[in-house]
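Quick note: the sequence shown uses the UniProt record's numbering, first residue 1, plus one each step. Ideal placement from N, C-alpha and C gives every residue a C-beta, glycine not left out. Predicted model, so just to flag it, every value in this text is computed and none were measured. Notes follow once the structure below has been shown.
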Amino acid sequence: MSMKKFSEAASLMAQELLSLAASRAKGVSRFLPRIFPTFYKLGVRVPFAKTPPRIFISVGRLVMRNRFYRPFTTLAMERHRFNQYNFVAKRFNPLIRRRRVALFHKDALDGIKKVFQKNARYNDDLNSTDLPDQIDAYEFGQFLGQGCNAAVYAARLVNPEDSLTLGPGFNEVSQVIASEPPNNRSEFRRQAYPYAVKLMFNFEHDRVSIGDNHLWRSMGTELAMYPKAAQMLRGRISDFKPLPKKHPNVVRVHTAFIDSLKVMPDAMERYPDALHTARWYESIASEPKTMYIVMRRYRQTLKDYVWTHQRNYWVGRVMLAQLLEACAFLQDHFVAQRDMKSDNILLQYDDDEEIPHLVVADFGCALACGSWEVKFEHQDDNNLGGNLKTRAPEVATATAGPGKTVNFKMADTWAAGGLAYEIFTRVNPFYEQISTVDYLETELPQLPKKLHHVAKDVVRDLLRRDPNQRVTPHVAANAINLSLFRFGSDVQKLLADCGLNKLAMLQNLAKTNGSSVIDKLGVTANRALDNVMALLTAETITATLAPQLVSRAEKQLRATFLSRVTREDLWTSLHYFFKETALVDADSLASLAPSNSPFFGSDGSSLEKNSKPLPNILPNNKYLPDSNGIVHRVRSK
Numbered sequence: 001m002s003m004k005k006f007s008e009a010a011s012l013m014a015q016e017l018l019s020l021a022a023s024r025a026k027g028v029s030r031f032l033p034r035i036f037p038t039f040y041k042l043g044v045r046v047p048f049a050k051t052p053p054r055i056f057i058s059v060g061r062l063v064m065r066n067r068f069y070r071p072f073t074t075l076a077m078e079r080h081r082f083n084q085y086n087f088v089a090k091r092f093n094p095l096i097r098r099r100r101v102a103l104f105h106k107d108a109l110d111g112i113k114k115v116f117q118k119n120a121r122y123n124d125d126l127n128s129t130d131l132p133d134q135i136d137a138y139e140f141g142q143f144l145g146q147g148c149n150a151a152v153y154a155a156r157l158v159n160p161e162d163s164l165t166l167g168p169g170f171n172e173v174s175q176v177i178a179s180e181p182p183n184n185r186s187e188f189r190r191q192a193y194p195y196a197v198k199l200m201f202n203f204e205h206d207r208v209s210i211g212d213n214h215l216w217r218s219m220g221t222e223l224a225m226y227p228k229a230a231q232m233l234r235g236r237i238s239d240f241k242p243l244p245k246k247h248p249n250v251v252r253v254h255t256a257f258i259d260s261l262k263v264m265p266d267a268m269e270r271y272p273d274a275l276h277t278a279r280w281y282e283s284i285a286s287e288p289k290t291m292y293i294v295m296r297r298y299r300q301t302l303k304d305y306v307w308t309h310q311r312n313y314w315v316g317r318v319m320l321a322q323l324l325e326a327c328a329f330l331q332d333h334f335v336a337q338r339d340m341k342s343d344n345i346l347l348q349y350d351d352d353e354e355i356p357h358l359v360v361a362d363f364g365c366a367l368a369c370g371s372w373e374v375k376f377e378h379q380d381d382n383n384l385g386g387n388l389k390t391r392a393p394e395v396a397t398a399t400a401g402p403g404k405t406v407n408f409k410m411a412d413t414w415a416a417g418g419l420a421y422e423i424f425t426r427v428n429p430f431y432e433q434i435s436t437v438d439y440l441e442t443e444l445p446q447l448p449k450k451l452h453h454v455a456k457d458v459v460r461d462l463l464r465r466d467p468n469q470r471v472t473p474h475v476a477a478n479a480i481n482l483s484l485f486r487f488g489s490d491v492q493k494l495l496a497d498c499g500l501n502k503l504a505m506l507q508n509l510a511k512t513n514g515s516s517v518i519d520k521l522g523v524t525a526n527r528a529l530d531n532v533m534a535l536l537t538a539e540t541i542t543a544t545l546a547p548q549l550v551s552r553a554e555k556q557l558r559a560t561f562l563s564r565v566t567r568e569d570l571w572t573s574l575h576y577f578f579k580e581t582a583l584v585d586a587d588s589l590a591s592l593a594p595s596n597s598p599f600f601g602s603d604g605s606s607l608e609k610n611s612k613p614l615p616n617i618l619p620n621n622k623y624l625p626d627s628n629g630i631v632h633r634v635r636s637k
């Protein structure tokens, strides 16, 4: 529409208004001769032509409907036009292409993982606190503990303004602890020293000429859990590969540095041999030094917690899941802690009713060289690490010899099974009752009857003597995590309603047929799993609306689980929930989509159109689950 036509339309509307005013308003006619004297001198009254009333409305509609004048249209009309108009005829298809959102995505789990990995609201590890690297910047409090190589003291900053202080986040667990449980939470926070400083023992104060590099080389392995250690120890320690990033269930290290030795008031009484004043030194450095590790301070060890709190099996499962998440993270990065005992498991909570946040600490014996194999050529080699009573069977029974090695890949996973007994029964059977060298799996003590059956089965599989038959920490953590979600009263019933009970049995065939079996199960199975995971994600996100129902530690656990879960491990973990006794053969594939499933049509068909039926990939075979729920393939007659 050109501007000329637009002006003509405006002129017509003006004439219409003027004629209406002249004909209907008698008072206006008095003023017209004065306004148009020349016109009225003719003595003849020439009225304006009357335009039909509908012309004004028609012209307005014409202007408003024209698509080139978008300011005259409403947002709803423009949206409707965009959805209905055929742009193909106008050759706009290369420029305007509407992306259809699929109901199901192949990478649904990847999308869920990104939400919890890259959002600081669910991943507190994205937040950081910069602390000073000088010992004079810290004020020391009470003595917390002592080992063979270090002493630990509570500490706080002399000038808190020098540090970046972070406010409470969505999943942030309080960093403060007190010597004794307070009467209320406010008193607890007010009296706390938020940091724990580990003062390493230097027994070589006379080696003055070597300098700081000697301390870094001799003590640097303590920093296996510190992501910045790789850069700090570059060129100082060979074949040392610490954890590349932080994890919620691994002790948080803020900084590490070498500085002058600070002699504490109780040092002479507690560790006199670690001081530069020890009697055997003939000459010492003018300024004795040692290494300090500044960590987040936690409230209590697992050993103390189980004896000072009433047993709660729900809380126990949350703590076990956190421990398994830590084991899975360490295994992913080729790090073995090698000293998994209750003294090295730290807990943080503000009051006695709160579910504790659990972390694995003390990496002084850790294996962090990028490999699971350790040479064991001589029986007196002291490189197997850890406590003799908590060594995995494959480590405890290892024999030395030329070219012999010990594999530590599943050692921490086995030790987690022993700690599970301590969580649920307060007693680790491998401390006194049985030996890791020659115990039988049938000799393991019975777990409490009230404990969830999934937790019982997971603990049994964690303590398998053969590391090849032992459940991986990823699968074990998945099973415990799934049992903790609150879908009504029974998460197992929800999974069964979605058809996952039969699908989980078929997944076990991947152990003998390879990962291609999972792909051949078809998109129907994976869609059902994706929708279940979407429900779990939604429940986790909306858990912020009910903080009294889901604790901070449990929210962090859910976020950790959803940030690392994989499809294959999920399928494997489902067999802990379904232990059918009936035979399942290849013909059962036709009934994998139940009619009452919320993810399939009423006729059992998939929601997506044009989907191909599942192929018969299991000809002439039947499948019988054993007492542990593991499906074995049997050739049909």
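Boundaries (first-last residue) of the alpha helix (DSSP H) holding residue i
i: Q231; result: 229 to 232
i: T544; result: Neither: T544 is in no alpha helix (DSSP H) and is coded neither H nor E.
i: L419; result: 411 to 425
i: F363; result: First-last for F363: undefined, no H or E at that position.
i: Y431; result: 429 to 432
i: L215; result: 212 to 219
For residue i, three-class secondary structure by DSSP
i: Q310; result: coil
i: V565; result: coil
i: Y576; result: helix
i: E353; result: coil
i: G111; result: helix
i: I135; result: helix
i: A10; result: helix
i: K493; result: helix
i: V532; result: helix
i: L570; result: helix
i: L223; result: helix
i: F116; result: helix
i: R190; result: The predicted model places R190 with a pLDDT of 36, which falls under 50 and marks its position as unreliable; any figure quoted below should be read in that light. If DSSP states are grouped into helix, strand and coil, R190 belongs with the helices.
i: L17; result: helix
i: L358; result: strand
i: L144; result: strand
C-beta contact flag for residue i and residue j at 9 Å
i: D412; j: Q469; result: no
i: A455; j: S483; result: yes
i: L495; j: F578; result: yes
i: A229; j: K198; result: no
i: V437; j: L447; result: no
i: Y193; j: R252; result: no
i: V395; j: A366; result: no
i: residue 640; j: A543; result: Since the first residue shown for the chain is 1 and the last is 637, residue 640 is missing from the structure and cannot be characterised.
i: N202; j: R236; result: no
i: L346; j: Y421; result: no
i: F329; j: H247; result: yes
i: A476; j: A416; result: yes
i: A368; j: L549; result: no
i: V250; j: V318; result: no
Exposure of residue i, with buried meaning 16 or more beta-carbon neighbours within 10 Å
i: T572; result: buried
i: Q348; result: buried
i: H453; result: exposed
i: S260; result: exposed
i: V306; result: buried
i: T390; result: buried
i: N531; result: buried
i: W216; result: buried
i: C148; result: exposed
i: D136; result: exposed
i: S11; result: exposed
i: S551; result: buried
i: P547; result: exposed
i: Q142; result: exposed
Element boundaries [beta strand (DSSP E), containing residue i]
i: F257; result: 253 to 260
i: Y153; result: 150 to 157
i: M268; result: Premise fails: M268 lies in the alpha helix (DSSP H), 267 to 270, not in any beta strand (DSSP E).
i: L199; result: 195 to 200
Any chain C beta carbon closer than 9 Å to residue i
i: L494; result: In the structure shown, chain C does not exist; there is a single protein chain.
- Message: If we require 4 or more residues per run, which alpha helix (DSSP H) segments fall completely within the stretch 434 to 490?
- Response: Here the runs fully enclosed are 453 to 462, 473 to 484.
- Runs of beta strand (DSSP E) wholly within the stretch 284 to 350 (minimum 3 residues, chain order): 289 to 296, 345 to 348, all fully within the stretch 284 to 350.
- Query: Mind pulling the alpha helix (DSSP H) runs of 4 or more residues that sit fully within the stretch 369 to 406?
  - Reply: For the stretch 369 to 406, whole alpha helix (DSSP H) runs of length 4 or above, ordered along the chain, are 393 to 396.
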